[in-house]
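Notes for the one structure printed next.
Protein chains: 2
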Amino acid sequence: MTKLDDLCAFLSIPSVSAEPQHAKDVEYCADFLVEKLSSLGFSATKHLTEIHPIVVARSPRVEGKPTVLIYGHYDVMPVDPIDEWESPPFTPTIRGGRIYARGASDDKGEIMAHILGAQELIEEDGALPLNVIYLLEGEEERGSYSLHDYLKKPGVLEELACDIIVVSDTGMAAPEVPSFSYGLKGLCCFELEVSGPAMDLHSGIFGGAVANPITTLCEMIATTHDAQRRITIEGFYDGVCEIADWEKDSWRRVPGMSNAELAQLTGVPELQTEQGYSGAECVYARPTFELNGISGGYEGEGSKTVIPTKALAKMSCRLVPGQDPVDIMNKVEAHFRKVCPAGVRMKFTKQHAGDAYMSDPHSPLGKAAQRALELTFGNPPVLVREGGSIPIVAELSKRLGKDALFLGLDLPDARIHSPNENMRLDIFEKGITMAKTLLRLMSDVAP
Amino acid sequence: MTKLDDLCAFLSIPSVSAEPQHAKDVEYCADFLVEKLSSLGFSATKHLTEIHPIVVARSPRVEGKPTVLIYGHYDVMPVDPIDEWESPPFTPTIRGGRIYARGASDDKGEIMAHILGAQELIEEDGALPLNVIYLLEGEEERGSYSLHDYLKKPGVLEELACDIIVVSDTGMAAPEVPSFSYGLKGLCCFELEVSGPAMDLHSGIFGGAVANPITTLCEMIATTHDAQRRITIEGFYDGVCEIADWEKDSWRRVPGMSNAELAQLTGVPELQTEQGYSGAECVYARPTFELNGISGGYEGEGSKTVIPTKALAKMSCRLVPGQDPVDIMNKVEAHFRKVCPAGVRMKFTKQHAGDAYMSDPHSPLGKAAQRALELTFGNPPVLVREGGSIPIVAELSKRLGKDALFLGLDLPDARIHSPNENMRLDIFEKGITMAKTLLRLMSDVAP
Numbered sequence: 000m001t002k003l004d005d006l007c008a009f010l011s012i013p014s015v016s017a018e019p020q021h022a023k024d025v026e027y028c029a030d031f032l033v034e035k036l037s038s039l040g041f042s043a044t045k046h047l048t049e050i051h052p053i054v055v056a057r058s059p060r061v062e063g064k065p066t067v068l069i070y071g072h073y074d075v076m077p078v079d080p081i082d083e084w085e086s087p088p089f090t091p092t093i094r095g096g097r098i099y100a101r102g103a104s105d106d107k108g109e110i111m112a113h114i115l116g117a118q119e120l121i122e123e124d125g126a127l128p129l130n131v132i133y134l135l136e137g138e139e140e141r142g143s144y145s146l147h148d149y150l151k152k153p154g155v156l157e158e159l160a161c162d163i164i165v166v167s168d169t170g171m172a173a174p175e176v177p178s179f180s181y182g183l184k185g186l187c188c189f190e191l192e193v194s195g196p197a198m199d200l201h202s203g204i205f206g207g208a209v210a211n212p213i214t215t216l217c218e219m220i221a222t223t224h225d226a227q228r229r230i231t232i233e234g235f236y237d238g239v240c241e242i243a244d245w246e247k248d249s250w251r252r253v254p255g256m257s258n259a260e261l262a263q264l265t266g267v268p269e270l271q272t273e274q275g276y277s278g279a280e281c282v283y284a285r286p287t288f289e290l291n292g293i294s295g296g297y298e299g300e301g302s303k304t305v306i307p308t309k310a311l312a313k314m315s316c317r318l319v320p321g322q323d324p325v326d327i328m329n330k331v332e333a334h335f336r337k338v339c340p341a342g343v344r345m346k347f348t349k350q351h352a353g354d355a356y357m358s359d360p361h362s363p364l365g366k367a368a369q370r371a372l373e374l375t376f377g378n379p380p381v382l383v384r385e386g387g388s389i390p391i392v393a394e395l396s397k398r399l400g401k402d403a404l405f406l407g408l409d410l411p412d413a414r415i416h417s418p419n420e421n422m423r424l425d426i427f428e429k430g431i432t433m434a435k436t437l438l439r440l441m442s443d444v445a446p
Numbered sequence: 000m001t002k003l004d005d006l007c008a009f010l011s012i013p014s015v016s017a018e019p020q021h022a023k024d025v026e027y028c029a030d031f032l033v034e035k036l037s038s039l040g041f042s043a044t045k046h047l048t049e050i051h052p053i054v055v056a057r058s059p060r061v062e063g064k065p066t067v068l069i070y071g072h073y074d075v076m077p078v079d080p081i082d083e084w085e086s087p088p089f090t091p092t093i094r095g096g097r098i099y100a101r102g103a104s105d106d107k108g109e110i111m112a113h114i115l116g117a118q119e120l121i122e123e124d125g126a127l128p129l130n131v132i133y134l135l136e137g138e139e140e141r142g143s144y145s146l147h148d149y150l151k152k153p154g155v156l157e158e159l160a161c162d163i164i165v166v167s168d169t170g171m172a173a174p175e176v177p178s179f180s181y182g183l184k185g186l187c188c189f190e191l192e193v194s195g196p197a198m199d200l201h202s203g204i205f206g207g208a209v210a211n212p213i214t215t216l217c218e219m220i221a222t223t224h225d226a227q228r229r230i231t232i233e234g235f236y237d238g239v240c241e242i243a244d245w246e247k248d249s250w251r252r253v254p255g256m257s258n259a260e261l262a263q264l265t266g267v268p269e270l271q272t273e274q275g276y277s278g279a280e281c282v283y284a285r286p287t288f289e290l291n292g293i294s295g296g297y298e299g300e301g302s303k304t305v306i307p308t309k310a311l312a313k314m315s316c317r318l319v320p321g322q323d324p325v326d327i328m329n330k331v332e333a334h335f336r337k338v339c340p341a342g343v344r345m346k347f348t349k350q351h352a353g354d355a356y357m358s359d360p361h362s363p364l365g366k367a368a369q370r371a372l373e374l375t376f377g378n379p380p381v382l383v384r385e386g387g388s389i390p391i392v393a394e395l396s397k398r399l400g401k402d403a404l405f406l407g408l409d410l411p412d413a414r415i416h417s418p419n420e421n422m423r424l425d426i427f428e429k430g431i432t433m434a435k436t437l438l439r440l441m442s443d444v445a446p
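What follows is the structure, encoded as structure tokens:
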């Protein structure tokens, strides 16, 4: 199997963790990883859970050398809207120097780059120069419940004992500018349903006499931001630190992250940021309150003059260090209960939550990682705080008592979570080199 | 065929005018009416149009007697949500003294009551004592475009020349309290789409830097009402007359229309009305701005942390005499363009519109209609302004230069436009008596 064959085989498995009809595909994907890692001499196990399997693979023990735990997720996001994909999401297709598939940059391209980096190292040097544990789960896109549970089982923290945690599931500024992330945002997801009438009402017979659940939902949502785009939930910003000057200087120089470039990349007419902060500063270090979905009433062709029974909004907040996601959800709920008018009922449903995370980029192992990026890409990495969230990593770091480092390979146009997700093949190749170099450099650091 | 057989046959035809897959059913329904009316001695014609047929049926000419034009629509609303129907919407089912089917009270029960009233009159007296024209269209639920066009064709106004227009497609306060409506609300329907990003965005990678189309749509919608539930579109209330004292007195006494009764009927925790107006006053005589549907982003199970490309709201206004629906739509669009922020794009789509209508309930033919209701139900009718709209009737009245009278048979729990639409069988029977009595009484009024 060539390296590209390995990647294509991995990408072609529809391991969509959120969709029950793909449960067997997700398990098959775990089997694929166990087989691949076993072929490289790893002792690899598929741990079954109540939902999707966790794969743990250990390299043969090398005494006196550090242990690097590489975390990744082999599950992928759902594909909708399917009609916007140019090639089928699970038929890996190469176009213009990129490979297109769901999971190409989140997170399969990265996982396979790490595995093939280890493979090249083994081929070149005969063996790995340090201890490597791969921890690969199948539920990151749906809250990592099983891994959260797994970490509490007796013996597991010992099984996963390491000196550093490495993750490649974050962003990268530009193809020639590697990114080293020292922070992740936290996350909480929740839903607000507003209901009123017992059945759909004719808007002539009852209009004007009852609160319209859709209108009311909109009005409640409209109370969450002020005109300066500051979130007006009481206590929302408690504990949020201001951005350090060195961070502002550093982020001002990240390629592709200027306001003009972000506007062009996203296609919006112009950016809209919290007043006083650039687009990059908001993405990296300001908490957000987003609407992910809204529905209610008649959604088909033409018009239907009803006052519907209910309306639903799916929302999520990206949080920064200092904010507790459970506390935030409580504050959001309290806010909605305060502004909810008497003519409707509301139901607030908390979904998953994960802490924000921040680590020290300048530790010895951190510096080794930065050096590996510099050697691979020919440029020192930019140090950024990731706008995305990987809640399980914060948990992993806390339980194992070790820092996590994020070496991102998702370019801005990778379209993760969107149709036509892709990874550039040159970045995939560099990822392999980066992984190999990382392990070599880290093996020189005392455990 | 018994009277109930006739009604069941009529109700079982899925004449859903908004859905192309039912086009043949709609035409078959027109054929059914032509056949029924022909069997009663009417000269009945199915006029094909570009969309759905118009049925015109004329009784044999009686000189020196008035001509009553009875308007109705044989098309029905779509049935969704289908899973909330207890029996199939096109399998007329009798339960607890009611017949359940889509169209039972809007408008097929009423049309058949009028036709069977004429039939009974013919059976009892040998012939009709005046001139009757049935004008039955198949597009009322989708804007009556073909009938609007038909009225402009040469010779049609002569074909439809009459002394009065009678419509039974409006509300009825309570089973023993007939309603005589002397006004209809106008209507305009429109859509607002807000868009921003060129593709769905990962809410971590881009969140905080771009305007979220769903949030923005909600904020724009929230600018349409103030805390007193007054519509804050500039110029919206221009030309709107205040409610007369005699109307307030009259409406205070309409059974079932008190605030408490409306709340109980609709199932809302409490009413929400424009400040200073009761529920009944809002329904009958205040303009409204309603959200009929909203959609955007992820609407499936669980969560998906995207910033979507766009969000869409379907809206409509019920208008009162003095308001011009096209002018109102222009004002609404101007308002949204004013409040639309720079970080998104908006698209405003005007859909159908129809004028409000008011007539004189105390004309000789009007008084005959009121008397027919009193004789049939044993109580004088309440005089109300209908909250609903039948735009084609305003047009018909204007073009023919004759008043339209509305003798409603939709009870508040008829669930028109909703699942489990029904008509009480005793009301259906009374409707037949009302129709028969109406024709008899009107034949005594000089044309």
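Sequences listed follow chains A and B, in order.
Sequential numbering from 0 applies to the first sequence in numbering that gives the first Met the number 0.
Sequential numbering from 0 applies to the second sequence in numbering that gives the first Met the number 0.
Just so you know, even glycine gets a beta-carbon here, dropped at the ideal spot from N, CA and C.
Cβ separation of residue i and residue j, assumed to be a contact under 8 Å, to the nearest whole Å
i, j, result
"H147 (chain B)", "I391 (chain B)", "7 Å"
"M345 (chain A)", "F335 (chain A)", "6 Å"
"A221 (chain B)", "I293 (chain A)", "Contact doesn't hold; Cβ gap of about 13 Å is too wide."
"N421 (chain B)", "Y144 (chain B)", "Not really, about 29 Å apart at Cβ, beyond 8 Å."
"S167 (chain B)", "G71 (chain B)", "7 Å"
"F322 (chain A)", "P286 (chain A)", "For the record, residue 322 (chain A) in the displayed sequence is Gln; it is not Phe. Contact flag correct, Cβ pair sits at about 6 Å."
"P379 (chain A)", "E373 (chain A)", "5 Å"
"V209 (chain B)", "G342 (chain B)", "6 Å"
"M171 (chain A)", "L408 (chain A)", "5 Å"
"A368 (chain A)", "G116 (chain A)", "Wrong, their Cβ atoms sit about 13 Å apart, outside the cutoff."
8 Å Cβ cut-off: residues of chain A touching residue i
i, result
"P65 (chain B)", "By Cβ distance, chain A contributes nothing, its closest Cβ being about 30 Å from P65 (chain B), past 8 Å."
"P88 (chain B)", "None at all; the shortest Cβ gap to chain A is about 14 Å."
"Q350 (chain B)", "G301, S302"
"R344 (chain B)", "P268"
N- and C-terminal bounds of the alpha helix (DSSP H) containing residue i
i, result
"V282 (chain B)", "278–284"
"G266 (chain B)", "Segment: none, G266 (chain B) is in no alpha helix (DSSP H) and carries neither H nor E."
"N329 (chain A)", "324–338"
"L404 (chain A)", "Element bounds for L404 (chain A): not the alpha helix (DSSP H) but the beta strand (DSSP E), 403–407."
"Y27 (chain B)", "22–38"
"A367 (chain A)", "363–376"
"M441 (chain B)", "424–441"
Nonlocal neighbours in the same chain, by C-beta distance under 6 Å from residue i, ignoring five residues either side
i, result
"K151 (chain B)", "none"
"Q118 (chain B)", "L39"
"K35 (chain B)", "none"
"L200 (chain A)", "I306"
Cβ-based neighbour list, residue i, same chain, cut-off 8 Å, excluding 5 preceding and 5 following
i, result
"Y297 (chain A)", "K303, V305, P307"
"P446 (chain B)", "G63, K64, P65, T66, D162"
"D402 (chain B)", "I163, I164, S358, D359, S362, L364, G365, S396"
Neighbouring residues, chain A, relative to residue i (Cβ below 7 Å)
i, result
"T436 (chain B)", "Here the premise fails: no neighbours, minimum Cβ distance about 26 Å."
Same chain, Cβ closer than 7 Å to residue i, neighbours up to 5 away in sequence not counted
i, result
"V25 (chain B)", "S14, S16, H51, D74, G137"
Contacts of residue i in chain B (Cβ-Cβ under 9 Å)
i, result
"K184 (chain A)", "G203, G206"
"L404 (chain A)", "Going along chain B, no residue has its Cβ under 9 Å from L404 (chain A), so there is no contact; the nearest lies around 18 Å."
Limits of the unbroken beta strand (DSSP E) element including residue i
i, result
"Y70 (chain A)", "66–72"
"G296 (chain B)", "287–296"
"I447 (chain A)", "The requested residue 447 (chain A) is not part of the displayed model; chain A covers only 0 to 446."
Contact set between residue i and chain B, taken where Cβ atoms lie within less than 8 Å
i, result
"A341 (chain A)", "P268, E269, Q271"
Where residue i meets chain B, residues with beta-carbon distance less than 7 Å
i, result
"C7 (chain A)", "Ordered by position in chain B, no residue passes the 7 Å Cβ test against C7 (chain A), which lies about 24 Å from the chain."
"D106 (chain A)", "Ordered by position in chain B, no residue passes the 7 Å Cβ test against D106 (chain A), which lies about 13 Å from the chain."
"H416 (chain A)", "D199, H201, V305"
Members of the region 277–299 of chain B near chain A, C-beta cut-off 7 Å = G278, C281, V282, R285, T287, E289, L290, N291, G292, I293, S294, G295, G296, Y297, E298
query = What residues in the region 210–221 of chain A bring their beta carbon closer than 8 Å to a beta carbon of chain B?
reply = A210, N211, I213, T214, L216, C217, E218, I220, A221
query = Using a beta-carbon distance cut-off of less than 9 Å, what residues from the region 115–138 of chain B approach chain A?
reply = none
key: Contact set between the region 311–330 of chain A and chain B, restricted to residues whose Cβ is under 7 Å from the partner   = K313, S315, R317
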